[in-house]
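K.L.:
When you read off a place in the sequence shown, starting at 1, and then add 8, the result is the number in our numbering. I'd like to ask some things about the structure below.
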Amino acid sequence: MITETLPRFWQVLLGLKGYEVHKTYSAEECLNKVNELDGKVDIVFVDGKIAADIAAILIIKVKRINSNIRIMALAEDENDKTRVLDYGADEFATKPISTETIVDKISAMLMTREPR
C-alpha cells in the first residue's frame, strides 16, 4: 500500500517484484483501504509530504487496525525520524532513496513481520 506521492516508477518496480500495490491519495483514503483489504496489507508507506500531525495520526490508526502492518515513513528531513518511530513507524528513510534500498527495506520488513 502506498500513500501520497511515491513515484510511479516505484509502483511499477514493486509490481514487477511481485508486490500488489494500492495507491491512495490521503490519510483517510489509506485508512479506508486498510479496512477494505481486511488483513491483506503488509506495508503502509507514509510520505513526509503529508502534514506531520496527519502522518502521526495515520500511523497510530493503522497500528490500531492491525498492529502487524509494517509502516515505513519517508521524509526529506532526518530530524523527523525519532518522531515517526515514536508514533509507531517500523522503518524510516530520508528522500531521495534508491530503488535498491527501498526494495531491501521492504524485504527486511516482510521477513520480520508477525505471522497472520
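We put the CB at the ideal spot given by N, CA and C, even for glycine. If you're wondering where the values come from, they're calculated on a predicted model, not measured in any experiment.
What are the residues that DSSP puts in a beta bridge with A83?
P.N.:
Paired residues: T102.
K.L.:
Using the rule of at least 16 other Cβ atoms within 10 Å of the residue's Cβ for burial, across every protein chain shown, is M119 buried or exposed?
P.N.:
M119 should be labelled exposed.
K.L.:
Quick check: what's the CA-CA separation for E44 versus I73?
P.N.:
Near 11 Å, if we compare the C-alpha coordinates of I73 and E44.
K.L.:
Within 8 Å, do at least three Cβ pairs link the segment 22 to 31 to the segment 83 to 96?
P.N.:
They do not touch, by the three-pair rule.
K.L.:
Is the beta carbon of D98 sitting closer than 8 Å to the one on I79?
P.N.:
Taking 8 Å as the Cβ cut-off, D98 and I79 qualify as a contacting pair.
K.L.:
On the criterion of 16 or more Cβ atoms from any shown chain inside 10 Å, does F126 qualify as buried, or is it exposed?
P.N.:
This structure cannot settle anything about residue 126, because the visible part of the chain is limited to 9 through 124.
K.L.:
For E108 and V20, what's the separation of their Cα atoms in angstroms?
P.N.:
Their Cα atoms are separated by approximately 14 Å.
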